[in-house]
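Engineer: The structure that follows is given in the form of structure tokens.
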Amino acid sequence: MREKHTPLLNKSKKNLSVLLPLSATLLIRLWFVLEMRHHPFSSLTPQVVDSWFYHRWALEIIKGNLWGTEVFFLRPLYPYLLAAIYRLFGPQVIPVQIFQTLLAVISCFMLMKTTERLFNLKTAVIAGLGFALCGVLIFYTGTLLYVEITVFFTLLTILLLLKMNRWWHALLAGISFGLLVICRPELLALLPLLIWGIVKFHKVHVNSAISFAVASILVIGLVPLRSYLVARDPVVFTAHSGINFYFGNNPEADGTWQPVKDMNLGFGFSHQRLKQIAKTVNGQEVSWSQASSWWFKQGLRFITSSPGKFLKLLWRKLLLFFCNYEVPNNYYFETVLPFSRVLKFARLNWSIIIALGIPGIILAGRQWRQRWLLYVFIGGYFISALVFYVLSRLRAPTIPLFLPFTSYAFLKLYHFYRDRRVPVGIRWLAISLAVYLVSNLIPVNRHHYSAQAWTQLGNIYLEQKRAMPALQALNKALQYDPNNYSARYSLIELYAGMRRIADAEHEFEQLQRSSPEAREILHLAAARIAVARRDFISALRHYQSAIQINPLNPEAFYLTGLVYVSIGDLVNAQKYLTLSLQLDPDHEAARSALYYIKHEIR
Numbered sequence: 007m008r009e010k011h012t013p014l015l016n017k018s019k020k021n022l023s024v025l026l027p028l029s030a031t032l033l034i035r036l037w038f039v040l041e042m043r044h045h046p047f048s049s050l051t052p053q054v055v056d057s058w059f060y061h062r063w064a065l066e067i068i069k070g071n072l073w074g075t076e077v078f079f080l081r082p083l084y085p086y087l088l089a090a091i092y093r094l095f096g097p098q099v100i101p102v103q104i105f106q107t108l109l110a111v112i113s114c115f116m117l118m119k120t121t122e123r124l125f126n127l128k129t130a131v132i133a134g135l136g137f138a139l140c141g142v143l144i145f146y147t148g149t150l151l152y153v154e155i156t157v158f159f160t161l162l163t164i165l166l167l168l169k170m171n172r173w174w175h176a177l178l179a180g181i182s183f184g185l186l187v188i189c190r191p192e193l194l195a196l197l198p199l200l201i202w203g204i205v206k207f208h209k210v211h212v213n214s215a216i217s218f219a220v221a222s223i224l225v226i227g228l229v230p231l232r233s234y235l236v237a238r239d240p241v242v243f244t245a246h247s248g249i250n251f252y253f254g255n256n257p258e259a260d261g262t263w264q265p266v267k268d269m270n271l272g273f274g275f276s277h278q279r280l281k282q283i284a285k286t287v288n289g290q291e292v293s294w295s296q297a298s299s300w301w302f303k304q305g306l307r308f309i310t311s312s313p314g315k316f317l318k319l320l321w322r323k324l325l326l327f328f329c330n331y332e333v334p335n336n337y338y339f340e341t342v343l344p345f346s347r348v349l350k351f352a353r354l355n356w357s358i359i360i361a362l363g364i365p366g367i368i369l370a371g372r373q374w375r376q377r378w379l380l381y382v383f384i385g386g387y388f389i390s391a392l393v394f395y396v397l398s399r400l401r402a403p404t405i406p407l408f409l410p411f412t413s414y415a416f417l418k419l420y421h422f423y424r425d426r427r428v429p430v431g432i433r434w435l436a437i438s439l440a441v442y443l444v445s446n447l448i449p450v451n452r453h454h455y456s457a458q459a460w461t462q463l464g465n466i467y468l469e470q471k472r473a474m475p476a477l478q479a480l481n482k483a484l485q486y487d488p489n490n491y492s493a494r495y496s497l498i499e500l501y502a503g504m505r506r507i508a509d510a511e512h513e514f515e516q517l518q519r520s521s522p523e524a525r526e527i528l529h530l531a532a533a534r535i536a537v538a539r540r541d542f543i544s545a546l547r548h549y550q551s552a553i554q555i556n557p558l559n560p561e562a563f564y565l566t567g568l569v570y571v572s573i574g575d576l577v578n579a580q581k582y583l584t585l586s587l588q589l590d591p592d593h594e595a596a597r598s599a600l601y602y603i604k605h606e607i608r
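Under this note's numbering, residues 7 to 608 are what the sequence shown spells out, in order.
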């Protein structure tokens, strides 16, 4: 009787073991989303630059501008996904976060199925638990970025390629890989390697490999085809590809995304300003394909003319890729962690994952042919970082790819102990500890990023008119970096708005001492203090000076327009607000003020 029930019991145990990571993934992420719903992290705000761009783009799509009128500047898949969710639930953050939570559960399931196929069930369950408890992956599930869908399509492509024994598997794998490339265009370089690998290692029929390739190319080809039909401009993927390459490869590059001084992006970054710069070559506006090609050549010129600097930069990127620090961009893990019990609980981080993952790759090396897909995709993301730059959100999709090896190494260490192979276990444990220590000891300018993080949080609180939290965040930013002029300017803005003019003047003196070269910001700050004093003539003089220094800053035109409103000069107010909107069509405050003025003039 017992033997008859044993298979059923084994199946029941298997189902329970699979259900545990999936349940943990769902519940932990829902907990995170719900506890963050009133935090600035879950705000739709221009301070989170890429997400705001995607949000505005999605709104344009649901208003009827489905195809757009120009070449895609950023990758298009995510805004179309946002538009679909907005159409169903309205333009809110939480439906997107819940959708991405469900997507994460499916990704966890695919990770376990892949790991079980390549290793065994125990390894798969531990990998699934690692996915559920990885703080960075939880964090990005809540962001309005393409991280979650990149993870999803990466795992879906791998699983479909592993199961490729039917023509429709090849077709679906090709569609999935094509959508992944639209998310991460640089992964297109993997296509020839994938075709070769599935024929050589999976022994699939050549027709299946051809079906995979054709499906991939057809999906990927939709983007350049649309760009050509809409704008008659042969851009392969996105308009910012060339300048993005230059950001990662120029004399000032540090291995991360940082603005280049010569570009004069001005005070306050926006994609509108970046688009203006990206499309201008030698003072003339050119087509997007010409501009992208020019910027790409500038990056190559740096590489060929300064090979020593480039090799040093390459080494820096390599270190940053394996560093435990999550290099931020758009969203800041540091300013969410103090407010999240979930992230304090889910402490599985990058250094722990690679401390076991790298030994796991070595230990599993004898069967590399079976697991070659994991190596290919890890290598693809790694090389992508070396070609462009290292950011936490760009590195995050490699975490699920390392987790099977992390889990495998964890079980191997246990088996060494169980089988009393203590010396071997100690040797591999020492290697893991060495990787962990090196990952944590790689130097990063953390104060710089911390100042950015708390400045962004303070600015969002300012937008929400929450003075005290803004004050605390901005002061914390200045503790990390007293020379951070963005934080200092925001603090001046806050004090001026609170009519604490003496405090604003004190901060202005600090700004003059720490950043005498930041003339645009100094004029903007002086103007803001003058407005608080009701000295509108001085305010106009300083705003005009700021505009002369940077005539492409829409905020300066907007603020000048508001001063003219204050003194009753609606004609000039209309002029400057119109100029602000010409520079930034998405400047909602300028649009609202202009609507008010036109109504008053009538």
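Cβ atoms here follow ideal geometry from the backbone N, Cα and C, with glycine treated the same way. Here the structure is a predicted model, which is why all the values come from computation and not from measurement.
If you drop the 5 nearest sequence neighbours on each side, which residues of the same chain put their C-beta closer than 7 Å to that of Pro365?
Structural biologist: Along the sequence shown, one-based indexing puts residue 365 at 359. Here the set comprises Ala415, Trp434, Ile437 and Ser438.
Engineer: Hey, how far is the Cα of Leu443 from the Cα of Leu583?
Structural biologist: Sequence index remark: in the sequence shown, residue 443 carries index 437 (1-based). Sequence index remark: in the sequence shown, residue 583 carries index 577 (1-based). Their backbone Cα atoms lie some 54 Å apart in a straight line.
Engineer: Around the C-beta of Leu196, are 16 or more other C-beta atoms found within 10 angstroms, so that it is buried, or is it exposed?
Structural biologist: For this step, residue 196 is matched to residue 190 along the sequence shown. Its Cβ being crowded by 16 or more others within 10 Å, Leu196 is buried.
Engineer: From the DSSP output, read off the bridge partner residues of Tyr291.
Structural biologist: Numbered from 1 along the sequence shown, position 285 holds the residue referred to as residue 291. Strictly speaking, residue 291 in this sequence is Glu, with Tyr absent from that position. Beta-bridge pairing links Glu291 to Thr286.
Engineer: Assuming Ile359 and Phe408 are in contact, meaning their beta carbons sit under 8 Å apart, how far apart are those beta carbons, in whole angstroms?
Structural biologist: As a working note, residue 359 is residue 353 in the sequence shown. As a working note, residue 408 is residue 402 in the sequence shown. So it is a contact: roughly 5 Å between Cβ atoms.
Engineer: Would you report the Cα separation of Val24 and Pro313, rounded to the nearest angstrom?
Structural biologist: Working through the sequence shown from its first residue, we reach residue 24 at position 18. Working through the sequence shown from its first residue, we reach residue 313 at position 307. Using only the alpha carbons, I get a separation of about 50 Å.
Engineer: How close, in whole Å, do the beta carbons of Lys347 and Asp260 come, if the pair is a contact with beta carbons under 8 Å?
Structural biologist: Mapped onto the sequence shown, residue 347 falls at position 341. Mapped onto the sequence shown, residue 260 falls at position 254. This sequence places Arg at residue 347; Lys is not what is there. Arg347 to Asp260, Cβ: 34 Å. No contact.
Engineer: Return the chain-ordered list of same chain residues with a C-beta closer than 6 Å to the C-beta of Met269, the five sequence neighbours on each side being excluded.
Structural biologist: Locating residue 269 in the sequence shown gives position 263, counting from the first residue. Once the five neighbours on either side are set aside, the close Cβ partners of Met269 are Ile283.
Engineer: Would you identify the three-state DSSP class for Asn335, choosing helix, strand or coil?
Structural biologist: As a working note, residue 335 is residue 329 in the sequence shown. It is a strand residue.
Engineer: Any idea if Arg609 is buried or exposed, counting beta-carbon neighbours within 10 angstroms, 16 or more meaning buried?
Structural biologist: Shown here, the chain extends from 7 to 608; a query on residue 609 therefore has no answer.
Engineer: Per DSSP, what are the beta-bridge partners of Cys140 in this structure?
Structural biologist: As a working mapping, residue 140 is identified with position 134 in the sequence shown. Cys140 is bridged to Leu354.
Engineer: Applying the 10 Å Cβ sphere with the 16-neighbour rule, what's the burial state of Asp592?
Structural biologist: By one-based count along the sequence shown, residue 592 stands at place 586. Flag for Asp592 reads buried.
Engineer: Cβ atoms of Phe253 and Tyr395: under 9 Å apart, would you say?
Structural biologist: In the sequence shown, the residue the question calls residue 395 occupies position 389. In the sequence shown, the residue the question calls residue 253 occupies position 247. Their beta carbons are under 9 Å apart, which means Tyr395 touches Phe253 by this criterion.
Engineer: Alpha carbon to alpha carbon, what distance is there between Pro27 and Leu33?
Structural biologist: For the purposes of this step, residue 33 is identified with residue 27 of the sequence shown, where counting begins at 1. For the purposes of this step, residue 27 is identified with residue 21 of the sequence shown, where counting begins at 1. Cα-Cα distance, rounded: 10 Å.
Engineer: Within 10 Å of its beta-carbon, does Val54 have 16 or more other beta-carbons around it, so buried, or fewer, so exposed?
Structural biologist: By 1-based counting over the sequence shown, the position of residue 54 is 48. With 16 or more Cβ atoms within 10 Å of its Cβ, Val54 is classed as buried.
Engineer: Please classify Phe251 as buried or exposed, where buried requires at least 16 other C-beta atoms within 10 Å of its C-beta.
Structural biologist: Looking up residue 251 in the sequence shown gives position 245. Under this definition Phe251 is a buried residue.
Engineer: Exposed or buried, what is Lys418 when buried is set at 16 or more other beta-carbons lying within 10 Å of its beta-carbon?
Structural biologist: Sequence index remark: in the sequence shown, residue 418 carries index 412 (1-based). Buried, since its Cβ has 16 or more Cβ neighbours within 10 Å.
Engineer: For Ser413 and Leu80, I'd like the C-alpha separation in whole angstroms.
Structural biologist: As a position in the sequence shown, residue 413 is number 407, starting the count at 1. As a position in the sequence shown, residue 80 is number 74, starting the count at 1. Spanning the alpha carbons of Ser413 and Leu80 requires a straight line of approximately 36 Å.
Engineer: Just confirm the distance between the C-beta atoms of Leu186 and Phe159, as a whole number of angstroms; I'd bet it's less than 8 Å.
Structural biologist: Taking the sequence shown and counting its residues from 1, the one referred to as residue 186 is at position 180. Taking the sequence shown and counting its residues from 1, the one referred to as residue 159 is at position 153. Leu186 to Phe159, Cβ: 4 Å. Contact.
Engineer: Looking only at its chain, what residues have a beta carbon closer than 7 Å to the beta carbon of Pro475, apart from the 5 residues adjacent to it on each side?
Structural biologist: Within the sequence shown, the letter at position 469 stands for residue 475. Apart from sequence neighbours up to five positions away, the residues of its chain that approach Pro475 with a beta-carbon distance below 7 Å are Tyr467, ordered along the chain.
Engineer: Just to check my reading of the structure: Ala221 and Gly180 have Cβ atoms closer than 8 Å, yes? What is that Cβ distance to the nearest angstrom?
Structural biologist: Here the question's residue 221 lines up with position 215 in the sequence shown. Here the question's residue 180 lines up with position 174 in the sequence shown. Approximately 3 Å separates the beta-carbon atoms of Ala221 and Gly180; this is inside 8 Å, confirming the contact.
Engineer: May I ask you to report which of helix, strand or coil DSSP gives Trp263?
Structural biologist: In the sequence shown, residue 263 corresponds to position 257, counting from 1. Under the three-state reduction of DSSP output, Trp263 falls in the coil class, being neither helix nor strand.
Engineer: For Gln518 and Gln458, what's the separation of their Cα atoms in angstroms?
Structural biologist: Within the sequence shown, the letter at position 512 stands for residue 518. Within the sequence shown, the letter at position 452 stands for residue 458. Straight through space, the alpha carbons of Gln458 and Gln518 are spaced by roughly 20 Å.
Engineer: Between Glu9 and Ile405, what straight-line distance do the alpha-carbon atoms span, to the nearest angstrom?
Structural biologist: Indexing the sequence shown from 1 puts residue 9 at position 3. Indexing the sequence shown from 1 puts residue 405 at position 399. Low confidence applies to Glu9: its pLDDT is 41, below 50, so where it sits in the model is not reliable enough to give any reading.
Engineer: Could you check what DSSP says for Leu32 in three-state terms: helix, strand or coil?
Structural biologist: As a first step, residue 32 must be located in the sequence shown, where it is residue number 26. In this structure, Leu32 counts as helix in the three-state DSSP scheme.
Engineer: Are the stretch 34-43 and the stretch 134-154 touching, with three or more C-beta to C-beta distances below 8 Å?
Structural biologist: yes
Engineer: Less than 9 Å between the beta carbons of Ala110 and Thr51, yes or no?
Structural biologist: Counted from its first residue, the sequence shown places residue 110 at position 104. Counted from its first residue, the sequence shown places residue 51 at position 45. No, the Cβ-Cβ distance between Ala110 and Thr51 is not below 9 Å.
Engineer: Buried or exposed: which applies to Gly227, given that a residue is buried once 16 or more other Cβ atoms fall within 10 Å of its Cβ?
Structural biologist: As a position in the sequence shown, residue 227 is number 221, starting the count at 1. Gly227 is exposed by the Cβ-count criterion.
Engineer: Are the stretch 326-343 and the stretch 444-452 touching by the rule of at least three beta carbon pairs closer than 8 Å?
Structural biologist: Taking 8 Å as the limit for Cβ pairs, the verdict is that the stretch 444-452 does touch the stretch 326-343.
Engineer: The alpha helix (DSSP H) spanning Asp509 covers which residue range?
Structural biologist: Within the sequence shown, residue 509 is the residue found at index 503, counting from 1. Looking at the DSSP string, the run of the alpha helix (DSSP H) that includes Asp509 is Ile507 to Ser520.
Engineer: If you count every other CB in all the chains shown that lies within 10 Å of the CB of Ser357, and 16 or more means buried, which is it?
Structural biologist: Residue numbering aside, residue 357 sits at position 351 when the sequence shown is read from its first letter. With 16 or more other Cβ atoms within 10 Å, it is buried.
Engineer: Check Arg5 in the structure and name its three-state DSSP category.
Structural biologist: It is not possible to answer for residue 5, since the shown part of the chain is limited to 7 through 608.
Engineer: Roughly how many angstroms lie between the CA atoms of His11 and Lys17, to the nearest whole one?
Structural biologist: In the sequence shown, residue 11 corresponds to position 5, counting from 1. In the sequence shown, residue 17 corresponds to position 11, counting from 1. Its pLDDT being 47, under 50, His11 is placed unreliably by the model, and nothing is read from it.
Engineer: Measuring CA to CA, which of Arg540, Leu324, Val441 and Pro488 is closest to Gly503?
Structural biologist: Here residue 503 corresponds to residue number 497 of the sequence shown, with the count starting at 1. Cα-wise, what sits closest to Gly503 is Arg540.
Engineer: Return helix, strand or coil for Lys482, following the three-state DSSP convention.
Structural biologist: Within the sequence shown, residue 482 is the residue found at index 476, counting from 1. Here Lys482 sits in helix by DSSP.
Engineer: Pick helix, strand or coil for Ala595, following the three-state DSSP scheme.
Structural biologist: Indexing the sequence shown from 1 puts residue 595 at position 589. The three-state secondary structure of Ala595, taken from DSSP, is helix.
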